[in-house]
Amino acid sequence: MSTFSSETAWLCLAVTAALGGLVLCKLKSPGQVGGKGVCLAALWGGACLLSLSLFWSLILFSLSCFLLYYLSGQELLPVDQKAVLITGGDSGIGHALCKYLDQLGFTVFAGVLDENGSGAEELRRTCSTRFSVLQLDVTDSQQIKDAYSKVVQKVQNRGLWAVVNNAGILGLPADGELIPMIHYKRCMDVNFFGAVEVTKAFLPLLRKSKGRLVNISSMAGGVPLFKMAAYGSSKAALTMFSAVMRQELSKWEVKVSSIQPGGFKTNITGTSEMQIKLEKDILDHLTPDVREEYGQDYILAQKNVFNAVSTYASSDVSPVLQDIQHAISAKSPFTFYTPGSGAYLWLCLVSFSPTGIFDYFNKKFNYLNNGTPRILSMPNWKNKAM
Ligand SMILES: NC(=O)c1ccc[n+]([C@@H]2O[C@H](COP(=O)([O-])OP(=O)(O)OC[C@H]3O[C@@H](n4cnc5c(N)ncnc54)[C@H](OP(=O)(O)O)[C@@H]3O)[C@@H](O)[C@H]2O)c1
């Protein structure tokens with residue numbers, strides 16, 4: 013304990029702690045916390061064990077600065093009109109990203125679900141002459157092939173630098189038992205198989221450019237959120253796909269990042285007509301027993317989840333755009349990005365806390381967990397279950 017009496021030791025500990033805090037604040041990925049946490053603990057431990065002289069303090073200080081610089085990977089490559097393909101450019105994050113990257117000087121190819129829709133029209137109107145719109149339903153193999161041919165024709169020798177698999181749907185957020193199979197399949201088709209097929213089609217170009225693959229997954233792909241059985245499972249599959257591709261593509265020097273945003277206000281919750289149709293879908297696919305046990309009130313209240321998602325979401329999507337830009341442009345992009353308040357915390361909680369603790373917080377603080385099925389609110393339910 014005498015080692016702590018020296019002023020130098022205290023100074024060094026303070027500097028290490030401050031730099032450590034800074035590194036941890038800059039970290040956006042639970043995946044990175046492990047390695048960096050170990051480095052900091054080692055530095056800290058070293059500081060405690062050694063009776064620190066000014067010399068050692070300076071060495072530790074320099075080492076911390078180097079770690080901070082190296083691990084935060086802020087150095088950006090020049091834009092240089094690099095070509096980027098973004099799927100789902102009609103609206104929301106994809107739409108904003110097309111404009112954002114176009115303004116930064118990238119050559120943007122916007123894959124859209126409807127090339128004659130208002131989203132595509134607006135992009136054509138507002139973006140530069142480098143910009144192109146491509147008809148690209150990610151569940152349609154022919155459209156993927158056609159988009160590939162058009163991109164190859166346009167980029168020629170300049171190559172394609174990045175693919176951003178952004179197209180996605182939320183589907184029907186409801187209790188997993190109530191979600192019709194058709195919605196599970198639709199979520200997988202768009203969010204997972206669509207991204208996989210686009211990736212496979214464009215990888216030859218990315219391997220040539222030693223470029224970037226960026227998959228827009230979701231916090232719901234890592235955190236078991238209430239009502240997100242279909243959406244969350246499709247995003248978990250996408251996150252795992254990204255992780256495997258990251259390993260396999262490293263030999264080609266292609267870097268892969270997965271973005272796991274929290275809640276942002278976009279078109280993902282759909283229009284009220286769509287919500288009514290989804291509600292009807294639930295009712296049409298339930299067996300009489302399940303319908304009876306959950307009760308009409310509880311089932312009809314499922315669509316409130318759309319409102320809850322919107323209410324707690326942020327209308328400023330710029331943190332997502334900046335993270336995607338970093339994944340595309342940084343010399344050393346991160347493996348995971350978690351833009352949006354709460355996303356990082358929830359992912360940490362599920363990764364590092366015992367299941368019981370996570371379940372307690374999820375039940376208590378997750379705003380998607382609402383209502384009680386009819387049969388569970390009957391006074392004699394517990395006795396019956398015994
Ligand atoms: N908003 C959030 O809180 C949040 C959180 C986590 C992750 N994400 C993910 O971020 C991505 C973008 O979502 P967003 O929030 O920006 O929602 P959005 O506004 O609904 O954007 C999704 C885009 O994908 C398009 N799309 C749907 N099905 C498609 C298909 N089969 N082929 C090609 N495009 C298709 C949609 O076209 P239409 O406009 O014509 O439907 C829309 O342009 C999604 O992958 C989503 O899962 C969003």
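Start counting the sequence shown at 13; every next residue gets the next number (the working numbering).
The C-beta atom is built at its ideal place from N, Cα and C for all residues, glycine as well.
Would you say the beta carbon of residue i is closer than 7 Å to some non-hydrogen atom of ligand 1?
i      : result
Gly275 : yes
Val202 : yes
Asp99  : Residue 99 is actually Thr in this sequence, not Asp. Under cutoff, so the answer is yes.
Leu125 : yes
Thr151 : yes
Gly234 : no
Gly180 : yes
Thr211 : no
Thr278 : yes
Gly223 : no
Leu148 : yes
Thr231 : The question names Thr, yet the displayed sequence has Met at residue 231. Under cutoff, so the answer is yes.
Ile228 : yes
Ser284 : no
Gly106 : yes
Ala325 : yes
Gly131 : yes
Asp301 : no
Gly206 : yes
Ser103 : yes
Can you name, in chain order, every residue of its own chain whose Cβ lies under 7 Å from the Cβ of residue i, other than the five neighbours on each side?
i      : result
Ala325 : Gly275, Phe276 and Lys277
Ser330 : none
Gly180 : Gly100, Val202, Asn203 and Ile228
Arg219 : Trp264 and Val266
Asp126 : Asp102 and Ala132
Gly46  : Caution applies to Gly46, whose pLDDT of 47 falls short of 50 and renders its modelled position unreliable; the value that the coordinates give is listed next. Counting only Cβ-Cβ distances below 7 Å, and skipping sequence neighbours, we find nothing.
Leaving aside the five residues before and after residue i along the sequence, list all residues of the same chain whose C-beta is less than 6 Å from its C-beta, in chain order.
i      : result
Gly188 : Ala241
Gly43  : The predicted position of Gly43 is uncertain, since its pLDDT is 41 and thus under 50; a value taken from the coordinates is nonetheless stated next. Thr347 and Phe348.
Gly383 : Tyr310 and Ala313
Leu290 : Leu184
Ala248 : Gly233
Should residue i go down as buried or exposed, given a rule of 16 or more other Cβ atoms within 10 Å for buried?
i      : result
Pro216 : exposed
Lys40  : Any answer about Lys40 is weak, because its pLDDT of 48 lies below 50 and its placement is not dependable; what the coordinates show is given next. That one is buried.
Arg416 : Nothing in the structure corresponds to residue 416, since the chain is present only between 13 and 398.
Leu237 : buried
Met286 : exposed
Gln168 : exposed
Ala207 : buried
Lys94  : buried
Thr141 : exposed
Pop quiz: residue i and residue j are said to be a contact at Cβ under 8 Å. What is the actual Cβ separation, rounded to whole angstroms?
i      : j      : result
Val317 : Pro185 : 4 Å
Leu97  : Leu172 : 6 Å
Ser270 : Pro345 : That pair is no contact at about 11 Å.
Asp102 : Cys139 : Contact doesn't hold; Cβ gap of about 14 Å is too wide.
Cys199 : Tyr243 : 6 Å
Can you give me the Cβ contacts of residue i inside the same chain, cut-off strictly under 8 Å, excluding the 5 residues immediately before and after it?
i      : result
Ile156 : Leu148, Val150, Glu209, Val210 and Ala213
Ser322 : Lys277 and Thr281
Glu368 : First, the residue type needs correcting, since residue 368 is Gly and not Glu in the sequence shown. Cβ within range, chain order: n/a, list empty.
Subject >> Cβ contact (3+ pairs, closer than 8 Å) linking the segment 121 to 134 and the segment 143 to 160 >> reply: yes
Original post:
Do the segment 86 to 102 and the segment 304 to 321 meet, that is, are 3 or more Cβ pairs less than 8 Å apart?
Top reply: no
Original post:
Counting Cβ pairs closer than 8 Å, one from the segment 252 to 262 and one from the segment 128 to 137, do we hit at least three?
Top reply: no
Original post:
Per the contact definition of three or more C-beta pairs closer than 8 Å, is the segment 206 to 220 in contact with the segment 182 to 198?
Top reply: no
**OP:** Taking 8 Å as the threshold, find out whether the segment 172 to 184 comes into contact with the segment 333 to 347 through three or more Cβ pairs.
**Re:** yes
Original post:
Do three or more CB pairs link the segment 351 to 360 to the segment 286 to 302 at distances below 8 Å?
Top reply: Flag = no, the segment 351 to 360 and the segment 286 to 302 do not touch.
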